[in-house]
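Student:
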Amino acid sequence: MNSRSRIFARLGKSPAIPCNSIAEQNKAIPLKGELNLFLEKAKGVGAAVATAQNLNELRSLIADTIVANKTRSVVITAEDLISDLGVAEIAGEQGVACDICSSSGEEYRKQVFKADIGISACTHAIAESGSVVICHNQYNRRLMSLAPAHHLCILKEEQILANRFSLAAILNEQKHQEKFSAITIITGVSRSADIAQHTILGMHGPRKISIFVLLAN
Amino acid sequence: MKAHPEDFKRTALQELRNEHQRSFLSQMSALNRVRRGQAMEFFGDLKDQSHVREKAAQIKINAINRLPDLLAEFELNATQNGVQVLWAEDAAEANQLIESLVKQYAVKIVTKGKSMLSEEIDLNNCLEDLGVSVFEGDLGEFIVQQRGTPPFHIVGPAINLSVPEIAALLHEKVKMPYTEDPLQMADFVRDYLRQKFENAEMGISGVNFAIASSGSLLLVENEGNIRWVTSAPRVQVSLMSIDKVCPTLEDAMQLLSLLTLNCTSQLMTSYTSIINGPRKAEELDGPEAMYVIIIDNGRSLAYADEECRDAMRCIRCGRCLWVCPIWLRVGAYPYGWCYSGPLASILSPLLLGLDQTQDLYEACTLCGACQEICPVKIPHPELIEHYRQLKKTGSSTFPTKPVSLIEKIGFRLWAKVVLQTKLYQKSLTLVSTIMNLFTRDGYIRHLPGPVKGWFGCRDLPHLPKASFHQRWKKEWKSQSLQAKTKVLKNQAILREGDSYEQP
Chain R
1 MNSRSRIFAR LGKSPAIPCN SIAEQNKAIP LKGELNLFLE KAKGVGAAVA
51 TAQNLNELRS LIADTIVANK TRSVVITAED LISDLGVAEI AGEQGVACDI
101 CSSSGEEYRK QVFKADIGIS ACTHAIAESG SVVICHNQYN RRLMSLAPAH
151 HLCILKEEQI LANRFSLAAI LNEQKHQEKF SAITIITGVS RSADIAQHTI
201 LGMHGPRKIS IFVLLAN
Chain C
218 MKAHPEDFKR TALQELRNEH QRSFLSQMSA LNRVRRGQAM EFFGDLKDQS
268 HVREKAAQIK INAINRLPDL LAEFELNATQ NGVQVLWAED AAEANQLIES
318 LVKQYAVKIV TKGKSMLSEE IDLNNCLEDL GVSVFEGDLG EFIVQQRGTP
368 PFHIVGPAIN LSVPEIAALL HEKVKMPYTE DPLQMADFVR DYLRQKFENA
418 EMGISGVNFA IASSGSLLLV ENEGNIRWVT SAPRVQVSLM SIDKVCPTLE
468 DAMQLLSLLT LNCTSQLMTS YTSIINGPRK AEELDGPEAM YVIIIDNGRS
518 LAYADEECRD AMRCIRCGRC LWVCPIWLRV GAYPYGWCYS GPLASILSPL
568 LLGLDQTQDL YEACTLCGAC QEICPVKIPH PELIEHYRQL KKTGSSTFPT
618 KPVSLIEKIG FRLWAKVVLQ TKLYQKSLTL VSTIMNLFTR DGYIRHLPGP
668 VKGWFGCRDL PHLPKASFHQ RWKKEWKSQS LQAKTKVLKN QAILREGDSY
718 EQP
């Protein structure tokens, strides 16, 4: 008998009681979230937010951010939206080094660790908390929204969900083989109050997060 | 961390002299009450909040009742996701498993996210004995790691330390250029730990919720240290106790908001990570190998006692500490382990045994403040009364030292006396006469024998010759029938028009 068997032997059998999951009660949850609520909540948690009517406006916002922060190097994810925007070209125009992080292993880590800004898209956003949701895969890697001091996240208005239960409902629909290895819900910047309750922004993650929303129309 | 809750009384006496700490905790408690109260208004008024808490309690009760099924379901789904699930019956086995992983992957540096379970199994000491450098990633945990003390609060491990104390500590232990500017101090730690995060071969985290239906882990934090330890190293090890399993992601989301609102007044903390498994072949970051070690450490034994299962509902928000009159006066250290306050009073006895932790649950005043604010409605006072009863009676699940012969005889005699009214009254007269012999300046301040301890911190006024019952009987007899009727009508014992009849 191994440890697992001994633990299960002590726990005994589960009683035949109906599953009391609240999932059933939340079937009628709204999926779509409100833009204004999202913007208000995201600002409330310390994110810099802006909206753009079209891709050109979005490009200008990105260029302004790169210039304003005296950026030396940028890393970008290999997502379609980021390619469509031509972020690499925007950075190039500003004389800033831009890595798409297509290299592997140590080279990739070096690029991410030295970058000033990490630019990524996101999969969803949550209006009630002002969060962006990043589903990590080979295109949107885990460290790119964590290691650089500034995270710039591009979001489409239609990606805004109402609340955390909307997100859970969508994630539940994913089949096993479609599952992302990790999903991160980012709500504002990294922070700590562990030194005598002083609020410190940018503890181990980015010190700044900017969220640019591309409006639906 | 070696547990020593048996030192509770001695350490509590020392801590009571720390007036600065008591005053600080009292102020923090008031602030916390306001902040958390406002945060909970997210759910509406008190009635709505109670409804949400009830729902959360039901989720946890359901999860705990179905624990064997949910654990098996989690294991199956996590394995399908590419996670290797290991089981440990106790701290020693958990440490052995981690030791073998450390050797297998030739690990020299480990970075950790805050995990009370790792404190529970004394993991840091085990790793250091193997020659591994261990770095706590959470700022508060990093500070207490340098200090060599247990976390003061489950959410704010170093909350009791002042800025100069932390500055001096970091200056001495990690050569931080001395500064009392919290921002500069945090910057130093950020840079110091960044190198460790980037170079660690293994990251160790705890688990907030393990989702059975998908085999995922849900982790919450504000600093980003957990994201680092689950993203940068080659190997990720997550430690979870058996009671962390939750049926679905929706259930976890319901509990999540209650956890974060009660912890830090946030609807969502800065980072919520849902980790499904190790990196996929085409991914460039995230761990190549991911292990979840499911640790029992006494919980399955406690599970056999249905009343004790209520303690396993705890979601570790730490809010109960801020309302506990004992914790607010003595602080965390007397509890002698990683858990303190009401959390320790209900959890430590199950994990360490009822004898070693007797002072913890005996110290409780049963005021019920913790139960009142608990987001999952744990009945702390009932649990503590249950432990006290178990301590006296013992059980196959919780063997306890037998009660001393003197105590046994004393209580038997007491039971006989209280059952016989006349004998009881006579003994009261005798006892009060004896006690009055010790009166000085109108007060009884000291008594010898078994009640010496009781009088160590309490005074009684000189006891009157007649008891209240005797005085009442005498005065009642002397009253006229009309007077008795008037008194009883005033007390609403008799209705208008009725009169008192002599029995």
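Chains as they are written, first to last, in this note's numbering: chain R, 1 to 217; chain C, 218 to 720.
Note that CB positions come from ideal geometry on N, CA and C, so glycine has one too.
1) Terminal residues of the continuous alpha helix (DSSP H) containing Asp576(C)?
2) Under 8 Å Cβ to Cβ from Gly441(C), same chain only, skipping five residues before and after it: list those, please.
3) How long is the line joining the alpha carbons of Asp576(C) and Ala709(C), rounded to whole angstroms?
4) Extract the residue ranges of the alpha helix (DSSP H) inside the region 540-612 of chain C, only unbroken runs of 4 or more that lie entirely within it.
5) Have a look at Pro665(C) and Met652(C) and give me their C-alpha separation to the nearest angstrom.
6) Which residues in chain C sit within 9 Å of Leu146(R), going by Cβ to Cβ distance?
7) Three-state secondary structure (DSSP) at Val243(R)?
8) Which two residues bound the contiguous beta strand (DSSP E) that contains Val132(R)?
9) Just by C-beta distance, which residues in the region 287-312 of chain C are closer than 7 Å to chain R?
10) For the beta strand (DSSP E) containing Arg212(R), name the first residue and the last one.
11) Can you confirm whether Gln138(R), when its beta carbon is compared against all beta carbons of chain C, has any partner nearer than 7 Å?
12) If I'm right that Val75(R) touches Val96(R) with Cβ under 8 Å, what's the distance once you round it to whole angstroms?
13) Using a C-beta to C-beta distance shorter than 8 Å, which residues of chain R count as neighbours of Lys497(C)?
14) So, is the C-beta of Ala528(C) closer than 7 Å to a C-beta in chain R?
15) Are any of the Cβ atoms in chain C nearer than 7 Å to that of Phe38(R)?
16) Which value, in whole angstroms, describes the spacing of the CA atoms of Leu152(R) and Ala121(R)?
17) Where do the N-terminal and C-terminal ends of the beta strand (DSSP E) with Asp99(R) fall, by residue?
18) Would you call Glu337(C) buried or exposed, if buried means 16 or more other Cβ atoms sit within 10 Å of its Cβ?
19) With which residues is Gln191(R) paired in a DSSP beta bridge?
20) Only counting the same chain, and skipping five residues up and downstream in sequence, which positions put a Cβ closer than 8 Å to that of Asn203(R)?
21) With a Cβ-Cβ cutoff of 7 Å, do Val462(C) and Leu287(C) count as a contact?
22) Kindly say whether Ala23(R), judged by its beta-carbon, lies nearer than 7 Å to any beta-carbon of chain C.
23) Under 7 Å, Cβ to Cβ, is there at least one residue of chain R near Ser557(C)?
24) As an exercise, report each continuous alpha helix (DSSP H) stretch of at least 4 residues that is fully enclosed by the region 251-296 of chain C, in chain order.
25) Can you pull the DSSP bridge partners for Arg657(C)?
26) Quick check on DSSP: helix, strand or coil for Lys701(C)?
27) In the region 374-392 of chain C, which residues sit with their C-beta less than 8 Å from some C-beta in chain R, listed in chain order?
28) Within a Cβ cutoff of 8 Å, which residues of the same chain sit near Asn416(C), ignoring the five residues on either side of it in sequence?
29) Across which residues does DSSP place Ala48(R) in a beta bridge pair?
30) Using the beta-carbon of each residue, which ones in chain R are nearer than 9 Å to Tyr520(C)?
31) Quick one: using the 10 Å Cβ neighbour count with 16 as the cut-off for buried, is Trp693(C) buried or exposed?
32) Using CA coordinates, which residue listed in Met457(C), Leu476(C), Cys581(C) and Cys343(C) is at the minimum distance from Arg270(C)?
33) Roughly how many whole angstroms lie between the Cα atoms of Ala168(R) and Glu505(C)?
34) Please classify His124(R) as buried or exposed, where buried requires at least 16 other C-beta atoms within 10 Å of its C-beta.
35) Run through the DSSP bridge pairs and tell me what Ser455(C) is partnered with.
36) When burial is assigned at 16 or more other CB atoms within 10 Å of the CB, is Ala23(R) buried or exposed?
Tutor: Well, looking at it:
1) Gln575 to Ala580
2) Excluding positions up to five away in sequence, the list reads Ser487 and Tyr488.
3) 45 Å
4) Within the region 540-612 of chain C, the complete alpha helix (DSSP H) segments of 4 residues or longer fall at 544-547, 558-569, 575-580, 586-590 and 597-610, listed in chain order.
5) The C-alpha of Met652(C) is placed about 10 Å away from the C-alpha of Pro665(C).
6) Per Cβ cutoff of 9 Å: Gly441, Arg444, Trp445, Ser448, Ala449 and Tyr488.
7) Nothing can be reported for residue 243(R): it is not among the residues displayed for chain R, which extend from 1 to 217.
8) Ser131 to His136
9) Gln297, Asn298, Trp304, Ala305, Glu306 and Glu310
10) The sequence as given places Phe at residue 212(R); Arg does not occur at that position. That run of the beta strand (DSSP E) goes Lys208 to Leu214.
11) yes
12) No, Val75(R) and Val96(R) are not in contact; Cβ-Cβ is about 11 Å, not under 8 Å.
13) Asn137, Gln138 and Ser181
14) no
15) no
16) 8 Å
17) Ala97 to Asp99
18) Buried, by the Cβ-count rule.
19) As written in the sequence, residue 191(R) is Arg, which differs from the Gln given in the question. DSSP, once it has assigned bridges, lists Leu201(R) as partnering Arg191(R).
20) The amino acid occupying residue 203(R) in the given sequence is Met; Asn does not appear at that position. The residues are Ser190, Arg191 and Ser192.
21) yes
22) Residue placement at Ala23(R) is poorly supported in this model, since its pLDDT is 48, which falls under 50; the coordinates are not used for a value here.
23) no
24) The region 251-296 of chain C contains these whole alpha helix (DSSP H) runs: 263-282.
25) Tyr660(C)
26) Looking at Lys701(C) - three-state DSSP - the assignment turns out to be helix.
27) Pro374, Ala375, Ile376, Leu378, Ser379, Val380 and Ile383
28) Counting only residues of its own chain and dropping the five nearest sequence neighbours on each side, Asn416(C) has a CB closer than 8 Å to the CB of Ile326.
29) Ser210(R)
30) Arg10, Leu11 and Gly12
31) Burial check for Trp693(C): the Cβ neighbour count within 10 Å stays below 16, so the residue is exposed.
32) Leu476(C)
33) 26 Å
34) buried
35) Ser422(C) and Val509(C)
36) Low confidence applies to Ala23(R): its pLDDT is 48, below 50, so where it sits in the model is not reliable, and the reading given next is rough at best. That one is buried.
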